[in-house]
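Protein chains in written order, with the working numbering: chain C, 1 to 347; chain U, 1001 to 1281; chain E, 2001 to 2144; chain L, 3001 to 3652. Before any comments, here is the structure.
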Amino acid sequence: MNKWYKMKHADMQKFVSALTEKWEVWVPYRIDGKWEFGIYDTGRDLDFPESVIHVSLKNLFFPKRRPIATYDENSKWSLKPVEPEGKPRIVIGLHPCDVAGIEYMDKVFLQSEHKDVMYASERKRTVLIGMLCSEMADNCHCTDRGLTPDATRGMDAAFARITDGYLLKGLTDKGKQVLRSEYLKKVDEVPDKKDWPAGRYVIASPEEFMEMYDDKIWHEMSDICLTCGICTYACPTCVCFLVTDENFKGKGERVTVWDSCQLQSYSRMAGGHNTRKTPASRVRNRTLDKFAYSHLRYGQISCTGCGRCVMVCPLKRSFPQLGARLTERIKDKKKGKSKSGARSKEA
Amino acid sequence: MKEMRKKIEELLKNGEIDVALGYRENPATGEVKADVFRKDETLDDMVFDERCVQNLVNYLPTLVARYKKVGIVLKGCDGRSLVTQLVEHRINKSQIVALGIGCEGVRLDGKEADKCGDCATNMTPIVDYEFGEKKQKKDPVFSKVKEIERMSPAERWKFFADYFARCERCYACRQICPSCYCEICVADQQEPKWIEPSAKLSANTMWHLIRAYHLAGRCADCGECERVCPQEIPMRLLNNALEKAVHELFGVRPGTVPEEVPPLVVLNKEDPDTILEGKNE
Amino acid sequence: MQVEKEPKILAILCKWCSYAGADLAGTSRFIYPANVRIVQVPCSGRVDPIMIFKAFVEGYDGVMVSGCHPGDCHYGTGNYHARRRIAVARRLLEFVGVHPDRMHFTWISAAEGKKFADVCSRFTDELKALSGTEKTLARKELAT
Amino acid sequence: MAKVGVFVCHCGVNIAAKVDVKRVVDALKEMPEVGFAHEYKFMCSSPGQELIRKEIKESKINRVVVAACSPRMHLPTFQKALASQGLNPYLVSMANIREQCSWVTDDPEMATQKAIDLVARQIKRVVHQDPLEDISVPMTKTALVIGGGIAGIQAALDIADGNRKVILVEKSPSIGGRMAQLDETFPTLDCSQCILTPKMVEAAQHPNIEIRVNSEVKKVDGYVGNFEVTVEKKATYVDAQKCIGCGICQEKCPVKTVPDEFNADLNLRAAIAIPFPQAVPAIPIIEPDYCKKLIENKCGVCAKICPAEAINYDDVPMQETVNVGAIVVATGYREMDPAVYTEYGGRKYPDVITGLQFERLVSSTGPTGGELKRPSDGEIPKTVVFVQCVGSRDESKAHAYCSGICCMYTAKHTMIYKHHVPDGQAYVSYIDIRAPGKTYEEFVRRAIEDEGVRYLRGRVAKIRRLQNGQYRVYTEDTLVGRAVHIDADMVVLASAVEPQEDAVGLAQILGIAYDSDGFYTEAHPKLKPIETASAGIFLAGACQGPKDIPASVQQGSAAASKVLSIFARDNLVKSPQIATVDPTACTGCLTCSYVCHYSAIEEKEFGQRQVAEIIPGKCQGCGACVATCKGKAITLAGFSDDEIYEEIVSCK
């Protein structure tokens, strides 16, 4: 079944409704003008955005708040790990950049020495049916990160919108199994191939970035940053968390909670020392983490080019542009130019 | 605007200020953002109009730490938040030059910003150079607060619980607020855990109550918290409810009088005990 | 059908006047409902509204704060500061939907054992009258 | 790891009759923090305490909860029991299951449940309690007395007799204060100066007392035990070391136009003068506003004539910082200027004088040498009206308070008057007569009955000067209900007692509280009438409120005993339950300092920032700053957030 199949728009609705019998189905919803994944209520109108979905899929695999153990003080503090559970799940309508994000999270949670069992379980129970983007939104720049908006890598199945419905294709066994449906019709059509624009935020190599560690530019770049945590929460590859106990009347849960390196509290240690006290040091950490540390550790830079950080930024500040600006500075430095002149007008 | 630009140019040139904090327009996109203007650059893209929503005061502490003297463009509401900064020793007045501009209101999402309807002063109370027209002060109306106050307690809780539940705890509201500057925010403290760090209703409720309470009598209603909230939680409602309360209880309109000590640390033996009583439902 | 639960009251009392008043209620054998849990603070000025917020979130039905009468503060002015803070905290809690009858802020001197017992009895009755209404703010279970 | 020993007391039947103690013990044994739980009949008894001591030794518990009566009753008892075994006394907590449980609960079941809950909360709390050590602060055992009136002199003498050094600072050129100006004193009519002068001399000669006249306190830093006080000595232009007090300069000085303050401005004196004959020290000073040499560089007679070469026209104010451990404020009072009562003609009519002026008029050291002559023409006044409550008990014009001393001194004045002018008639216009002191009422009755003074109950409406030089006093007699007027030769206004002009300024320097009238506020109106809210600063005399001589002397002695009891210890020992600032968490907003009643919060440098710092010596542990600190950078030992939080959340 290495071919594309066609499904009418109305049939897609029926197809997805039918899936809910066995699966927990997640589809994009538009809430107050923003796209977000939610569990599909049968009968609700289905729609898919042409490109990036505002809220990333991170929460599905690595929730904001995730109990990992429970305890009861009355029975002398017995600590019980939370057993992963949940019925099989399908996510329909994620994009190539979302897959890239999940791939990166896999590296962090599954391929390191300490495997995250809960993440593994969430991954295992989920089938990914991706949608190929038909356009690039304002902040999209996956093409500069080695992706294409219509790439199918990492998906179990993929689909694309055409004028009178959708073209679908199973890619893995899991995906093919899901797609077994009476609504699919064999066709000869294939999704349009487009020439995607690139070169918006070309960035230097991780090694070159590392050389910028002691540069003065970080102060300049953090002048106008709030150092709130929203870009890290929106980012599909920011996976820092905090472990904390939550107690209520003698019973409690040990939970992991999203944390953010942009917050001052993140790097504060017992005794009060803070290794990243200045906004500049925090901005540097995130920039280098995305463009250099990630590569050094996992062989892949962790910016997927989804542009969500720009969308959520309270100041509409462009994080990818920081990378680009830095790259410009790296080039200038190499040319032996002085430090001035590299300042972009758009902070 | 022209006048102000000229003044800033002059101040930069003769070294009276090292940098100026103002609003810069990106000619390509028409977007306006806070930015730092330096001596050697042109001020042609410095603007002040209804697009200048941001409160620049939040950037001051970082800037005064790095520069000796900073010029800052101030709307009325932003100036009010500067009052708190000065009273609380966060910024030394000698390090700043306040460039007040008679604000005609700002626009957000295509319509006049909500906060402008409750504007207490269009000119900053702290000002070194004044530009534009200063208008007569009027009292904020807080019609949305009054609307909520008309609801029953259960309805009110339903209204807020829906919003609180959505909070992600990204702390953008805290970070953008000039008056939220604790070294270690109580929400980040683990021992004791007054506010649990996870984004769940009970902890979020604690966070929003504390945030609002800590700003009581200090909030200048610049509305930034609400503007930056990615979940669109109506945080101004809480701030305004307390601004209204502080005015009703102590007759104070925070930030409108330079050097006024925040009302919650003022000793007043004459407060009537009736302020401790609930409003009759 | 749920059995009517006894309301739970948190009383934050200053060490010098109100806590002593509560002791006097005991020495005078004034009976009042067993619903009250007292927390001692040195002065009502020590009361941070965060304590009141937390109490409601933790599920108390009502919160009471009491200190020395104005002018009698052991530390001179603590109760005046408390009065301002608590007045504001009360407005905030009412605004987000806590029923005003769930909060009781008053002054009780070391000599007012009777008053303390009366306040506790009355407050308990008022809270019982509210038992049909929602205990807003109170967290329902661990994960909320 | 905390291991808590729990002891539940029966208190005979006081607890056990209502609370099922056994059930309480059994329920608590299950708690993870609890090492063991015991019950006992009387925990406060010797065997009860012995039980605690034994278990600390044998079971290696490191925290103790005693469930018994109120901690107000027996917490110190159990703290001592812990300390006796080398365990920090602050590691015990008490659950109040008697006053706040068994005695106030009807139903045994409810009482038992409540008791379990109360003890469980204290177990949760005690785990968070930290060991605390008493704070020991070294101190300077020298006292500063501000004000050299009778209260200040008494305080200084008592402290000095207690073998501690005293620095007595007096603003004017001599000690003695108001009392030195008085003629005779009520209710004994003994001569004021006769009883005061020996005390002044004693103070001056006392080896432990250093008198600094012409001096004022300009700045006070530090805290109890360790004050740093800046004292400024005015330029007097006379070298006190050289001056022999002969008084020739005063005689020869050609400028005789200075209003004589000591005589309540009734006469004029020289520009260089000893304030009054019995002054201590008897050293003259030059009034720079009048001295020709100082104004226009002419004259210079005094320097030429001075046998001791003590005159120094180039004198300048000198500031010196002294270290003291305690301060007694005894700055006294002033008499209100009656000029606000225009209808009485005070300060306008020469023969309408104040009470203090009357004292000087009848005093043998006064301007008339003790003969009662009225100021305008020197005639002996045959009819005198004494008007009470001028400025007192009159909120609309001056003060709401009662000046306290006027009823008595007016009675005294009438008697002195009658002794001077036996055929004269004295009238007193009064509202009420307040004579509550020992033999005071009898004294007033003597004036009325023996001396024939006529007391008219009512307020004076107006005083008008008549053609014949007399004054018509329009008043009423409310007892018969009719308006009356008296034609008098002289009128004496009992002008109100007021705080000194600069009272508020000094209060701000000292960081002590004052009331709306400007009188200094005591720490507690009943139980701490000597103390101020600032530790180590005490009040004596009329600066705290109107007072007569015996009350001022009492308060002076009381203040001295307070000072001596501080100085009796080697070091200052304070309760460790005070607040401290974590400078790493402090933002330096200093809003905490606004709520501190004790001015204990100061600014200090920490790295590159300014942060708040709490002076342990000053902090009293109320916690107002803790509740103010949004970032929770302040912790109050004994009532930390941790401890209170546990008590709130661990209620089942």
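A virtual CB, placed ideally from N, CA and C, is assigned to each residue, including glycine.
query, result
"List the residues of chain E that N1239(U) touches, going by C-beta distances under 7 Å, in chain order.", "None at all; the shortest Cβ gap to chain E is about 10 Å."
"Give me the subset of the stretch 229-256 of chain C whose CB atoms are less than 9 Å from a CB atom of chain L, sorted by chain position.", "N247, F248, K249, G250"
"Look at the alpha carbon of K277(C) and the alpha carbon of C261(C), and state the distance between them as a whole number of angstroms.", "11 Å"
"Quick test of the definition: if touching needs 3 or more C-beta pairs under 8 Å, does the stretch 317-326 of chain C touch the stretch 292-309 of chain C?", "yes"
"Since D1040(U) meets chain E, which of its residues come closer than 8 Å, beta carbon to beta carbon?", "Chain E residues near D1040(U): none, gap ~48 Å exceeds 8 Å."
"Compute the beta-carbon to beta-carbon distance between N1204(U) and R1169(U), rounded to the nearest angstrom, for a pair I have assumed lies under 8 Å.", "7 Å"
"List the endpoints of the continuous beta strand (DSSP E) containing R3465(L).", "3462-3465"
"Does DSSP classify Q3653(L) as helix, strand or coil?", "The structure shown does not extend to residue 3653(L), since chain L is modelled only from 3001 through 3652, so no value can be given for it."
"Reducing DSSP to helix, strand and coil, say where M2001(E) ends up.", "Low confidence applies here, because M2001(E) scores a pLDDT of 35, under 50, leaving its location unreliable; read the following figure in that light. The answer is coil: DSSP assigns M2001(E) none of H, G, I, E or B."
"Going by CA-CA distance only, name the one from L263(C), E36(C), D223(C) that's closest to S51(C).", "E36(C)"
"List the residues of chain L that H1214(U) touches, going by C-beta distances under 8 Å, in chain order.", "K3630"
"Can you tell me where the alpha helix (DSSP H) with F2105(E) in it begins and where it stops?", "Here F2105(E) belongs to no alpha helix (DSSP H); instead the beta strand (DSSP E) covers 2103-2107."
"Kindly indicate if chain E contains any beta-carbon less than 9 Å away from that of T3105(L).", "yes"
"Express the C-alpha separation of D1078(U) and N1058(U) in angstroms, rounding to a whole number.", "9 Å"
"If we ignore side chains and look at the alpha-carbon of each, how far apart do S3364(L) and S2044(E) end up?", "58 Å"
"Please confirm if S1198(U) has its CB atom under 9 Å from at least one CB of chain B.", "No chain B appears in the structure shown, which is made up of the protein chains C, U, E and L."
"The stretch 1171-1188 of chain U: which residues have C-beta closer than 8 Å to a C-beta of chain L, in chain order?", "Y1181, C1182, E1183, I1184, C1185, V1186"
"Quick one: does E73(C) have its CB under 9 Å from some CB of chain L?", "yes"
"Quick one, which residues of the stretch 3586-3604 of chain L are near chain U if we go by CB-CB under 7 Å, in chain order?", "C3586, T3587, G3588, C3589, L3590, T3591, Y3594, V3595"
"What does the alpha-carbon distance come out to for the pair W1194(U) and R254(C)?", "16 Å"
"Please classify E346(C): does DSSP put it in a helix, a strand, or coil?", "Confidence is the limiting factor: at E346(C) the pLDDT is only 34, short of 50, which leaves the residue's position unreliable, though a coordinate-based value still follows. E346(C): coil per DSSP, three-state reduction."
"Taking all protein chains shown into account, decide if T3342(L) is buried (16 or more other Cβ within 10 angstroms of its Cβ) or exposed.", "exposed"
"Taking E1050(U) and V1106(U) to be in contact with their CB atoms under 8 Å, please state how far apart those CB atoms are, rounded to whole angstroms.", "5 Å"
"Do T1062(U) and A1098(U) count as a contact pair if the criterion is CB distance below 9 Å?", "no"
"What did DSSP end up calling H3128(L) once you bin it into helix, strand or coil?", "coil"
"When the distance is taken between beta carbons, is A1187(U) closer than 9 Å to W258(C)?", "no"
"Which of the three DSSP states is assigned to K8(C) in this structure?", "strand"
"Just tell me which of G2067(E), T2136(E), A2089(E) has its CA closest to the CA of L1209(U).", "A2089(E)"
"Give a yes or no on whether the C-beta atoms belonging to D1045(U) and N1014(U) are separated by under 9 Å.", "no"
"What does A3282(L) pair with, by DSSP beta-bridge criteria?", "Its beta-bridge partners do not exist; DSSP assigns none."
"Based on the DSSP secondary-structure assignment, which residues constitute the bridge partners of G93(C)?", "According to DSSP, which records beta bridges pairwise, G93(C) is partnered with nothing at all."
"State the CB to CB distance for the pair V1083(U) and I1126(U), rounded to an integer number of angstroms; the pair is presumed to be in contact (CB under 8 Å).", "6 Å"
"In or out: Q3154(L) buried (at least 16 other Cβ within 10 Å) or exposed?", "buried"
"Is T3584(L) close to chain C? Criterion is C-beta to C-beta, closer than 9 Å.", "yes"
"Could you check whether the stretch 214-229 of chain C touches the stretch 23-37 of chain C, counting it as contact only if at least three pairs of C-beta atoms, one from each stretch, sit closer than 8 Å?", "no"
"Chain C beta carbons: is any one of them nearer than 9 Å to that of R1090(U)?", "no"
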